[in-house]
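*Asks:*
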Amino acid sequence: MNDLKTGVVVVGAGNAAFAAALAAREQGSDVIMLERAPFDERGGNSRYTAGAMRVAFNGAQDLAKLMDLNDEEMTTVDFGTYSTDQYFDDMARMTQYRADPDLVEILVYKSFETLVWMREKGIRFSPSYGRQAFKVDGKFKFWGGLAVEVVGGGPGLIDDWTQSAKKNQIEILYGTRATDLIEDEGIITGVRVRKGGKSYNIHAAAIVLAAGGFESNAEWRTRYMGPGWDLAKVRGTRFNMGDGIRMALDVGAIPYGNWSGGHAVGWDRNAPDYGDLSVGDNFQKHSYPLGIMVNATGRRFVDEGADFRNYTYAKYGRVILEQPGQFAWQVFDAKVSALLRDEYRIREVTKVTANTIEELAAKLDDVDAGAFVNEVEAYNAAVKTDVPFNPAVKDGRRTEGLAVPKSNWANQLDTPPFEAYAITCGITFTFGGVKIDGSGQILDTEGQSIPGLYAAGEMVGGLFYFNYPGGTGLTSGAVFGRLAGNSAGTAAVSQT
Ligand SMILES: Cc1cc2nc3c(=O)[nH]c(=O)nc-3n(C[C@H](O)[C@H](O)[C@H](O)COP(=O)(O)OP(=O)(O)OC[C@H]3O[C@@H](n4cnc5c(N)ncnc54)[C@H](O)[C@@H]3O)c2cc1C
84 MNDLKTGVVV VGAGNAAFAA ALAAREQGSD VIMLERAPFD ERGGNSRYTA
134 GAMRVAFNGA QDLAKLMDLN DEEMTTVDFG TYSTDQYFDD MARMTQYRAD
184 PDLVEILVYK SFETLVWMRE KGIRFSPSYG RQAFKVDGKF KFWGGLAVEV
234 VGGGPGLIDD WTQSAKKNQI EILYGTRATD LIEDEGIITG VRVRKGGKSY
284 NIHAAAIVLA AGGFESNAEW RTRYMGPGWD LAKVRGTRFN MGDGIRMALD
334 VGAIPYGNWS GGHAVGWDRN APDYGDLSVG DNFQKHSYPL GIMVNATGRR
384 FVDEGADFRN YTYAKYGRVI LEQPGQFAWQ VFDAKVSALL RDEYRIREVT
434 KVTANTIEEL AAKLDDVDAG AFVNEVEAYN AAVKTDVPFN PAVKDGRRTE
484 GLAVPKSNWA NQLDTPPFEA YAITCGITFT FGGVKIDGSG QILDTEGQSI
534 PGLYAAGEMV GGLFYFNYPG GTGLTSGAVF GRLAGNSAGT AAVSQT
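Per the working numbering, residue 84 is the first one in the sequence shown, and the count goes up by one each step.
(1) When you compare only the Cα positions, how much space is there between Ala102 and Ile206?
(2) Measure the Cβ-Cβ separation of Ala294 and Leu105 and say whether it is below 8 Å.
(3) Report yes or no: do the region 363-372 and the region 529-544 share at least 3 C-beta pairs separated by less than 8 Å?
(4) For Lys88, does the count of other Cβ atoms within 10 angstroms reach 16, so buried, or fall short, so exposed?
(5) Per DSSP, what are the beta-bridge partners of Ser532 in this structure?
(6) In whole angstroms, give me the CA-to-CA distance for Asp183 and Val562.
(7) Taking Phe547 as the reference, give the member of Asp173, Met157, Thr158 with the closest Cα.
(8) With a 10 Å radius around its C-beta and 16 neighbouring C-beta atoms as the bar for buried, classify Lys316 as buried or exposed.
(9) What are the residues that DSSP puts in a beta bridge with Ala437?
(10) Hey, quick one: how far does the beta strand (DSSP E) through Arg480 stretch, first residue to last?
(11) So which of Met84, Gly90, Gly95 has the shortest CA-CA distance to Ile328?
(12) Expressed to the nearest angstrom, what Euclidean distance is found between the alpha-carbon atoms of Pro310 and Asp497?
(13) In this structure, does DSSP put Pro184 in helix, strand or coil?
(14) Just to confirm, are Leu485 and Ala461 a CB contact at a threshold of 8 Å?
(15) So what does DSSP say about Lys250, is it helix, strand or coil?
(16) What do you get for Gly521, buried or exposed, if any count of 16 or more other CB atoms within 10 angstroms of its CB means buried?
(17) In this structure, does DSSP put Asp173 in helix, strand or coil?
(18) Which whole-angstrom value describes the C-beta separation of Gly163 and Gly127, a residue pair presumed to lie in contact below a C-beta threshold of 8 Å?
(19) Per DSSP, which residues does Gly273 bridge with? Please list them.
(20) As a quick exercise: from Ala347, Ser166, Asp313, pick the residue whose alpha carbon is nearest that of Arg137.
(21) Give the DSSP-derived three-state secondary structure of Arg214 in the structure shown.
(22) With DSSP collapsed to three states, give me the class of Ala336.
(23) What residue ranges within the region 314-384 form continuous alpha helix (DSSP H) runs of no fewer than 4 residues, ordered along the chain?
(24) Thinking C-alpha only, which one of Ala454, Trp492, Ala347 is nearest Gly388?
(25) Which residues does DSSP list as the beta-bridge partners of Ser420?
(26) Taking DSSP's pairing of strands, which residues face Lys281 in a bridge?
(27) Could you tell me which of Gly344, Met150, Ala287, Gly544 sits nearest to Arg304, measuring between CA atoms?
(28) Going by Cα to Cα distance, which pick from Gly381, Asn393, Ala379 is closest to Gln580?
(29) Going by beta carbon distance, what residues of the same chain come within less than 6 Å of Gly319, once the five residues before and after it are set aside?
(30) Please tell me whether Ile510 and Val543 are closer than 8 Å, where the distance is taken between their beta carbons.
(31) Tell me which same chain residues have a C-beta within less than 6 Å of the C-beta of Val414, skipping the five on either side of it?
(32) Sort out for me which residues DSSP pairs Met136 with in a bridge.
(33) Tell me which residues share the same chain as Gly134 and place their Cβ nearer than 6 Å to its Cβ, disregarding the 5 neighbours each side in the sequence.
Encoded structure:
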């Protein structure tokens with residue numbers, strides 16, 4: 084293999100990488116993207132998503148700048164608003180006030196303009212009626228600050244980005260793994276890659292690392308997140324092994340953020356060890372606020388209705404991992420079964436049904452059946468039925484007197500048929516990474532930026548701690564990818 088030379092190399096070909104590559108190209112630089120995965124498995128975690136993107140917006144007028152909305156949608160749908168203050172507050176609250184305020188400010192204030200830019204680059208958006216709205220009095224009402232999704236979900240996003248990259252003469256080298264950075268007197272001047280058992284160098288004026296976190300690496304997960312994390316299923320790509328983070332640390336980058344934390348959810352107990360692109364994110368089971376969850380002892384263990392699912396789902400994976408046997412069952416009755424998200428109706432689901440709670444108890448694999456029946460009885464007796472049920476708002480219909488309360492959407496389990504779904508912990512991505520400055524450049528252990536080296540996406544540390552507001556991963560990848568790409572492209576052009 085001969086060595087190559089270009090302006091900017093982007094390591095990765097997920098959402099953050101594409102945003103970086105197109106932004107660098109916009110500055111006039113030549114760009115090469117490296118994708119470790121073969122073509123069929125391209126697109127990283129971004130391709131596994133449903134494409135939900137959290138963006139600050141001021142009602143339907145703003146959304147109309149991101150997507151085509153017809154007159155009826157403009158006038159009858161209640162999209163609500165999601166102000167920059169709300170976004171900032173959600174990031175602060177979710178992360179227990181540990182998120183780096185400088186990074187959060189960039190994320191929040193650049194979210195809307197970045198999605199407008201993405202639209203200009205060919206990404207198509209639509210309202211997320213299916214997952215983020217309930218019909219109230221015949222009208223759609225959005226909840227939880229998340230109204231925008233990419234048309235075609237993650238696969239649509241990667242297809243649109245790929246088209247756009249092609250149109251802009253950006254070359255993508257598939258099956259090509261970046262292994263090391265090339266350094267000359269403290270300046271990053273290229274990257275060493277491996278393809279088909281052979282290694283070669285690509286020399287460049289700037290490198291953007293957008294190679295994801297270390298979620299696909301069981302050894303790193305156990306090392307940094309703790310015992311048990313080797314047992315989690317991986318929701319997405321098998322290629323995010325921490326390569327980008329390791330390469331940056333090797334040249335002196337400072338580790339940053341919540342290295343023992345990650346985004347993890349309730350995921351089908353019998354799902355494969357890594358994501359399956361034909362199922363995408365449908366192994367997740369996110370309608371637990373409408374029912375209850377029990378563990379092997381037959382007991383509830385978490386407040387299923389503590390908040391909208393957007394604000395609890397990403398931390399409940401860890402709670403499920405901590406249960407005996409690392410599993411739980413979600414239980415619903417016929418009153419809410421029509422409200423369950425689409426992912427409950429897929430073929431690849433671990434589900435049992437029954438006409439009585441006793442009959443259901445006998446079907447819950449690995450659960451203490453007697454204790455479960457008692458638990459449902461106690462739960463049913465504790466529900467405050469005088470408060471009306473409304474899934475589109477935090478309705479305050481709660482339990483009273485239980486050691487583990489349910490704070491909203493508490494309905495008695497009394498209407499057959501009953502349904503139960505077995506879940507375990509599925510890890511989405513890791514929170515620890517490297518530190519960047521306001522231009523997307525990686526900082527070293529002395530607090531100095533490393534010339535020629537930028538980062539974006541999952542591998543940027545300091546944004547998420549403990550928890551995460553749904554739909555922020557893609558937005559942060561796009562915002563920081565575009566930022567890093569702009570800076571890298573500008574640096575590359577100024578050197579020619
Ligand atoms: C099932 C699922 C559903 C999700 N749903 C949503 C959602 O709806 N909304 C949302 O905002 N977020 C969602 N997320 C989170 C979201 O996917 C990520 O936060 C985001 O896509 C990360 O983008 P990224 O570009 O940083 O990483 P990725 O998209 O994972 O891209 C990283 C890329 O780097 C490549 N790579 C790794 N190592 C190397 C190497 N050494 N050399 C070359 N290439 C390398 C990988 O192959 C990959 O292409 C979901 C995640 C999963 C798994």
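Just so you know, even glycine gets a beta-carbon here, dropped at the ideal spot from N, CA and C. These numbers come from a predicted model, not from an experiment.
*Replies:* The structure says:
(1) 11 Å
(2) no
(3) no
(4) exposed
(5) Leu526
(6) 15 Å
(7) That would be Asp173, whose Cα lies nearest to the Cα of Phe547.
(8) buried
(9) Phe501
(10) Element bounds for Arg480: n/a, residue is neither H nor E.
(11) Closest by alpha carbon: Gly95.
(12) 39 Å
(13) helix
(14) yes
(15) It is helical.
(16) exposed
(17) helix
(18) With 8 Å as the limit, Gly163 and Gly127 do not qualify as a contact, their Cβ atoms being about 31 Å apart.
(19) Ile265, His286
(20) Of the candidates Ala347, Ser166, Asp313, Ser166 places its Cα closest to the Cα of Arg137.
(21) Reduced to three states, the DSSP call for Arg214 is helix.
(22) strand
(23) Runs of alpha helix (DSSP H) with 4 or more residues, each lying fully within the region 314-384, are found at 326-333, listed in chain order.
(24) Here the closest residue by C-alpha is Trp492.
(25) Paired residues: none, contrary to the question.
(26) Lys278
(27) With distances taken between Cα atoms, Arg304 lies closest to Gly344.
(28) Since the first residue of the chain shown is 84 and the last is 579, residue 580 is not available in this structure.
(29) Asn128, Tyr131, Gly358
(30) no
(31) Gly374, Ile375, Ala503
(32) In DSSP, Met136 forms a bridge with Val231.
(33) Apart from the 5 residues on each side of it in sequence, Gly134 sits with its Cβ closer than 6 Å to the Cβ of Glu232, Val233, Gly236, Gly237, Leu240 in its chain, given in chain order.
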